[in-house]
Ligand SMILES: *[C@@H]1O[C@H](CO)[C@@H](O)[C@H](O)[C@H]1NC(C)=O
Ligand SMILES: *[C@@H]1O[C@H](CO)[C@@H](O)[C@H](O)[C@H]1NC(C)=O
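In mature numbering (1 follows the signal peptide of the UniProt record, and there is no 0), the protein residues as written are -21 to -1, 1 to 234.
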């Protein structure tokens, strides 16, 4: 029995090493001979992109009366099917993994984030991206992003208020007939701490947006933040003008 386990372990190690060296050069070469990365999979048919996200960290950069400026660190995953990438081989592995060199060879949705001030991916020490291609053509693109968003703030209920921070996801150039997004799941780290706020939840909302160039599919991550300050000790500059109100408010009564 032990022998058997060992053999399997060696075999799969071999397969992984093999995949690394054979992947771009040979395995997908046949696929790529006729592959046009500028053309959508199933040309003419709409590509359905499923999104999942994991918010690892977030930071409140600045707060004004009207806005919360938030930096969000998230693992952003998009998946779709591209039948042109299906492969049949003797390799046991169902999935092939690749980095930037593979990502730049395949078609991808031209996803952008309309309400962000900036979006960054780390390039050093290594680009924080990978793609996984399944033998049935399912593609999973995984990126670690830092998105800076400006969230509209509504202070009617201050200091017992709850704010919602949005991260909007949309295709830059393809309308609803070409690319449709479905937000599947969004989680946040249990270690996530944001100064002055408690993260109450994160969820997805899918919408269709009417623009002058057509109907676009938009997925929105909504992060709910409940203010959590102790008026007796914390007096951030933003609150100075509201001090009287702060001193006399007990948010526990409002909940
Ligand atoms: C995408 O979803 C639509 C609506 O559910 C469906 O008609 C279409 O065939 C799907 N596209 C692909 C490539 O599966
Ligand atoms: C706020 O109200 C709750 C419930 O009425 C009470 O238990 C708590 O002690 C109050 N806190 C302060 C700081 O007054």
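Quick reminder that beta carbons are idealized off the backbone N, C-alpha and C, glycines included. On a predicted model such as this, the values are computed, not experimentally measured, just so you know.
Nearest to residue i (by Cα), restricted to the options the options
i: residue 116; options: 100, 122, 85 and 127; result: 85
i: residue 158; options: 12, 15, 37 and 29; result: 29
i: residue 59; options: 95, 188, 160 and 192; result: 160
i: residue 89; options: 13, 194, 17 and 169; result: 17
i: residue 25; options: 231, 80 and 195; result: 195
i: residue 178; options: 107, 141, 27 and 146; result: 141
i: residue 67; options: 12, 114 and 169; result: 114
i: residue 144; options: 119, 150, 173 and 193; result: 173
i: residue 170; options: 13, 15, 21 and 34; result: 34
i: residue 82; options: 122, 65, 44 and 132; result: 122
i: residue 46; options: 27, 15 and 95; result: 95
i: residue 23; options: 153, 175, 228 and 207; result: 153
i: residue 206; options: 56, 149 and 39; result: 39
i: residue 155; options: 108, 42, 148 and 193; result: 193
Residue i - partner residues in DSSP beta bridges
i: residue 181; result: 202
i: residue 121; result: 56 and 109
i: residue 74; result: 113
i: residue 90; result: 150
i: residue 65; result: Note: residue 65 sits in no beta bridge, so no partner.
i: residue 39; result: 49
Simplified DSSP assignment, three categories, for residue i
i: residue 196; result: strand
i: residue 24; result: coil
i: residue 34; result: strand
i: residue -1; result: Residue placement at residue -1 cannot be trusted, given a pLDDT of 43 that sits under 50; what the coordinates show is reported in the next sentence. Residue -1: helix per DSSP, three-state reduction.
i: residue 82; result: helix
i: residue 139; result: coil
i: residue 228; result: coil
i: residue 13; result: coil
i: residue 172; result: coil
i: residue 134; result: coil
i: residue 207; result: coil
i: residue 102; result: coil
i: residue 191; result: coil
i: residue 157; result: coil
i: residue 44; result: coil
Check: residue i C-beta below 8 Å from any heavy atom of ligand 1
i: residue 88; result: no
i: residue 25; result: yes
i: residue 154; result: no
i: residue 113; result: no
i: residue 60; result: yes
i: residue 21; result: yes
i: residue 159; result: yes
*Do the stretch 155 to 171 and the stretch 197 to 204 touch if we need at least three Cβ pairs shorter than 8 Å?*
Cβ pair count under 8 Å is three or more, so yes.
_Taking 8 Å as the cut-off, does the stretch 136 to 150 touch the stretch 69 to 80 (at least 3 CB pairs, one atom from each stretch)?_
Taking one beta carbon from each stretch, the stretch 69 to 80 and the stretch 136 to 150 have fewer than 3 pairs nearer than 8 Å; the two do not touch.
*Would the stretch 182 to 196 and the stretch 48 to 58 be scored as touching if the rule is three or more Cβ pairs under 8 Å?*
Taking 8 Å as the limit for Cβ pairs, the verdict is that the stretch 48 to 58 does not touch the stretch 182 to 196.
*Does the stretch 94 to 111 come close enough to the stretch 120 to 127 that 3 or more CB-CB pairs lie under 8 Å?*
yes
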